[in-house]
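Peer 1: In my numbering, the protein residues as written are -12 to 277. Heads up, the beta-carbon is just placed ideally off N, CA and C, and yes, glycines get one too. This structure is in structure tokens; I'll ask about it shortly.
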């Protein structure tokens, strides 16, 4: 399934794509699905099963035209998911950063308030001059995970989405930790959909990339990831309990702005598009924050 959140006639809802032109509105289709994406994921296999049955025989009154919808972040800041991120998880990105490949996953976090969706503005803080882009595959957690093994980790994954780990490099170098550099408002665009894991049985062979103003900056594959998704779920869940709807940004490939010679950072007026094979793309304009 290709799950999504959207606004229709001023009403927020969730659903799944029926085809390229139509969407099934879960809130209209079934009483048990009248909630947001995180609540839907908390239903686990029961919710997924109900949704699949509805997609096989969709109620006519719950079918919407895609052109009438505004697609929003599949998980909203109001749903308060944990947003966990992995640094230096592509060897060639570590090299362009002048860093050693880590011996174990390097975990940091973003606040849920950094989340935004397709078309939303990326806010450039007033004094920020080193705003950078990072396309990333994002894991969406499907059920509570605490100290799960690598071999069973995939059972705890709901699916995958496309993410943009917006980063302010000057903050990153200046501060003793990365919170301000990675977690400022709008620094975590995701979307446009969550593709369930049955449609992406192996997430480690997906093409992914980033364009700035139409110019290709990143072009790689998730087969270059150092610590694979099962290892990340195992490692993180050893220390942090994962809940349905939590997000894991899995790292970025090379080609980021600070690695170019000379560095090329984002500025107000730029438009950044990140994309991942089988998932889709999101595009966000950069604007000056008030």
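Whose C-alpha, out of 49, 271, 16, 200, is nearest the C-alpha of residue 152?
Peer 2: 271
Peer 1: Where does the unbroken alpha helix (DSSP H) through residue 36 begin, and where does it stop?
Peer 2: In the DSSP assignment, residue 36 falls within the unbroken alpha helix (DSSP H) covering 31 to 43.
Peer 1: Helix or strand or just coil, what does DSSP make of residue 226?
Peer 2: In the three-state reduction of the DSSP assignment, residue 226 falls in the coil class, being assigned neither a helical nor a strand state.
Peer 1: Leaving out the 5 sequence neighbours to the left and right, which residues in its chain are closer than 7 Å to residue 250 when beta-carbon positions are compared?
Peer 2: 244
Peer 1: Which partner residues does residue 12 have in the DSSP bridge list?
Peer 2: 2
Peer 1: Just the Cα atoms here: how many angstroms apart are residue 40 and residue 256?
Peer 2: Spanning the two alpha carbons is a distance of roughly 44 Å.
Peer 1: Indicate the three-state DSSP secondary structure (helix, strand or coil) for residue 173 in the structure shown.
Peer 2: coil
Peer 1: Hey, how far is the Cα of residue 337 from the Cα of residue 37?
Peer 2: Because residue 337 is not part of the residues shown, which for the chain are -12 to 277, the question remains open.
Peer 1: With distances taken Cα to Cα, identify the nearest neighbour of residue 112 among 224, 202, 242, 174.
Peer 2: 174
Peer 1: Could you tell me if residue 122 is buried or exposed, where buried requires 16 or more neighbouring beta carbons within 10 angstroms of its beta carbon?
Peer 2: buried
Peer 1: Starting from residue 21 and walking both ways along the beta strand (DSSP E), at which residues does that stretch end?
Peer 2: Where residue 21 is concerned, there is no enclosing beta strand (DSSP E), given that its DSSP letter is neither H nor E.
Peer 1: Please go through the same chain and pick out, in chain order, the residues whose beta-carbon is closer than 8 Å to the beta-carbon of residue 56, but skip the five residues on each side of it.
Peer 2: -7, -6, -5, 10
Peer 1: What residue from 233, 115, 263 has the CA that sits closest to residue 99's CA?
Peer 2: Of all alpha-carbon atoms in 233, 115, 263, the one lying nearest the alpha-carbon of residue 99 is that of 233.
Peer 1: Got a sec? Which residues, its chain only, sit under 8 Å from residue 191 by beta carbon, not counting five neighbours each side?
Peer 2: Same-chain partners within the cutoff: 209, 210, 212, 215, 216.
Peer 1: I'd like to check one pair, residue 184 with residue 150: are the Cβ atoms closer than 8 Å?
Peer 2: no
Peer 1: Ignoring anything shorter than 3 residues, give me the beta strand (DSSP E) runs that lie fully in the segment 37 to 122, in order along the chain.
Peer 2: 50 to 52, 57 to 59, 70 to 74, 93 to 97, 109 to 111
Peer 1: Have a look at the DSSP bridge pairing and note the partners of residue 272.
Peer 2: 258
Peer 1: Check whether the Cβ of residue 76 lies closer than 8 Å to any Cβ atom in chain D.
Peer 2: Of the protein chains in the structure, only one exists, and it is not chain D.
Peer 1: So if DSSP puts residue -5 in a beta bridge, which residue, or which two residues, is it bridged to?
Peer 2: -2
Peer 1: In the DSSP assignment, the beta strand (DSSP E) including residue 147 goes from what residue to what residue?
Peer 2: 144 to 151
Peer 1: Are the Cβ atoms of residue 199 and residue 253 separated by less than 8 Å?
Peer 2: Their beta carbons are under 8 Å apart, which means residue 199 touches residue 253 by this criterion.
Peer 1: So which of 242, 28, 58, 91 has the shortest CA-CA distance to residue 196?
Peer 2: For residue 196, the closest C-alpha among the options 242, 28, 58, 91 is that of 242.
Peer 1: Is the segment 113 to 120 in contact with the segment 132 to 141, if contact means three or more CB pairs nearer than 8 Å?
Peer 2: no
Peer 1: Tell me residue 154's beta-bridge partners as DSSP assigns them.
Peer 2: Answer is 119.
Peer 1: Taking the beta strand (DSSP E) that residue 198 belongs to, which residues open and close that run?
Peer 2: 194 to 199
Peer 1: Could you tell me how far apart the beta carbons of residue 95 and residue 165 are, in whole angstroms, since I believe they sit closer than 8 Å?
Peer 2: 5 Å
Peer 1: Could you work out which residue in 219, 246, 206 is closest to residue 156 when comparing CA atoms only?
Peer 2: 246
Peer 1: Can you look up residue 179 in the DSSP assignment and give me helix, strand or coil?
Peer 2: strand
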